[in-house]
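Numbering (the UniProt record's numbering), first residue to last: 1 to 488.
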């Protein structure tokens, strides 16, 4: 049993801004969306004869015999009787028309059968039986097992484990294998409660986006809607539409994402958000003063355990963007080293940015996380927490989830910018925790993966914690430093 929301637009309407409200027929009807009725038939009682004859005379053979018939009617041109042409022509037209009429009658019957199928629709907080052709955009529909799908639907919830549904698309693409679809987490736990389905509210994709949108609204900039190629915003009471030209996706290596938009005035801009250290590397020299002030704010926010991001932008030249967009298309369709080519293009355009500011978001831990980590620690299980936040934020997260505690003897910070610095910091930590480790740490200056397996866990007096940043971790994972890292 599954619940779905209807999404049905004509081709022309898909190119425009899409507006709808779930379970609100009056509002959605005002936009005059396409109905859910299907029509595969070509003719009706009045249009059959003219349309069918018109289509048949589109064929070269029929048109040839028609012209020949006209010529034979003129005695000065032809001495043959026109009966020799008109009889076979009428016979061919009649047989073809009869076949087309039979096919179209079958289409009418099939259309009526499909349009009059019944489906349960949520109306006024109650499930009612409606014909398929009466289902409207925005309706919430309940489907049972092995039931035909009414229209293009968005999966809201399913009674299956993990909110999965299995669909067969044999009538669309001929494939008889079942395809798996999963409901979005925000609606997947609504269950079968009709009241929940009627009253659910939307949520932001991430705390950062929710906070930014809320703050912008408080300053008079309201996000209204988004389509694949546009963003609608109300700026101080005035409706504005920005054309979305490109999205430079986030990944764990880039640690940032960007969008390229065209403003209503026609200006091209790239907006970028990401980790402050990554954004700072791409700023224009004119931002040095603002960068110092922003860094102080970021350190203050990170000290409070908040997740921080830096925001920047850059205006783009029209000719350069057209040329860049072409190369971007070629890279995105490349069959060899696609990711590498895209990263090079992203690096090229994400430079000389102007700093806009920074954000700080409280990202609370899930319920039970601190208690779970504490229990695992008591079982002598070694635990690491990986985070993409600033070092100060990472430390606060460590304390909030009970991985780091105030009663620990010492918390070591490894933040070296070279292999030698990281090696020295790791060995200093070893010396503090295990005095005997200092004597043995130099025995294997070039440790191999086989030798690393032989490392013995030496007795440690007291409790210690280790915080290592991303740059230092890359050095610590080198083969020459594996042993030192494992011994720490």
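Every residue gets a Cβ at the ideal spot worked out from N, C-alpha and C, and that includes glycine.
Check                                                                                                                : Outcome
According to DSSP, residues forming a beta bridge with residue 481                                                   : Residue 481 is not bridged to any residue.
Segment contact flag, the stretch 98 to 107 with the stretch 124 to 142, C-beta cutoff 8 Å, min 3 pairs              : no
Other residues of its chain near residue 484: CB distance less than 7 Å, five sequence neighbours each side excluded : 423, 426, 427 and 441
Buried versus exposed, by CB contacts within 10 Å (16 or more), residue 132                                          : buried
Among 346, 348, 350 and 405, the one whose alpha carbon lies nearest that of residue 370                             : 405
Sub-8 Å separation of residue 272 and residue 313 beta-carbons                                                       : yes
Nearest-angstrom Cα separation, counted from residue 244 out to residue 228                                          : 7 Å
Residue 222 vs residue 234 beta-carbon contact at 8 Å                                                                : yes
The stretch 275 to 290 touching the stretch 327 to 345, judged by at least three CB pairs closer than 8 Å            : no
Pair within 8 Å by beta-carbon distance, residue 318 and residue 268                                                 : yes
Residue from 468, 130 and 168 with nearest C-alpha to residue 387                                                    : 468
Alpha-carbon spacing of residue 374 relative to residue 389, whole angstroms                                         : 22 Å
Cβ-Cβ distance between residue 415 and residue 391 below 8 Å                                                         : yes
Exposed unless 16 or more other CB atoms sit within 10 angstroms - verdict on residue 385                            : exposed
6 Å Cβ shell around residue 396 - same chain, five flanking residues per side excluded                               : 305
Local conformation of residue 213 per DSSP, three classes                                                            : helix
Other residues of its chain near residue 340: CB distance less than 7 Å, five sequence neighbours each side excluded : none
Nearest residue (CA-CA) to residue 66, options 47, 52, 88 and 224                                                    : 88
Straight-line gap, residue 309 to residue 303 (C-alpha atoms, nearest Å)                                             : 14 Å
Beta-carbon gap between residue 211 and residue 322 smaller than 8 Å                                                 : no
Own chain partners of residue 299 with C-beta closer than 7 Å, once the 5 adjacent residues on each side are dropped : 392
Anticipated Cβ contact below 8 Å, residue 225 with residue 232, distance rounded                                     : 5 Å
Exposure label - residue 337; buried when at least 16 CB within 10 Å                                                 : exposed
Contact set for residue 255: own chain, Cβ-Cβ below 6 Å, skip 5 residues either direction                            : 274, 275 and 278
Within 8 Å, strictly: CB atoms of residue 262 and residue 350                                                        : no
Cβ shell of residue 241 (< 8 Å), same chain only, five flanking positions each side left out                         : 17, 230, 231, 232, 233 and 264
Residue 478 and residue 400 closer than 8 Å at C-beta                                                                : no
Backbone secondary structure at residue 281 - three-state DSSP                                                       : coil
Under the three-state DSSP convention, the category residue 404 falls into                                           : coil
Which of helix, strand or coil DSSP assigns to residue 65                                                            : helix
Same chain, Cβ closer than 7 Å to residue 409, five either side skipped, listed in chain order                       : 462, 463 and 464
Inter-residue Cα distance where the pair is residue 57 and residue 63                                                : 5 Å
Between the CA atoms of residue 208 and residue 365 - distance to the nearest angstrom                               : 15 Å
Cβ neighbour criterion (16 or more within 10 Å) applied to residue 137                                               : buried
Cα-Cα separation, residue 153 to residue 116                                                                         : 18 Å
CB-CB length for residue 358 against residue 311, believed under 8 Å                                                 : 7 Å
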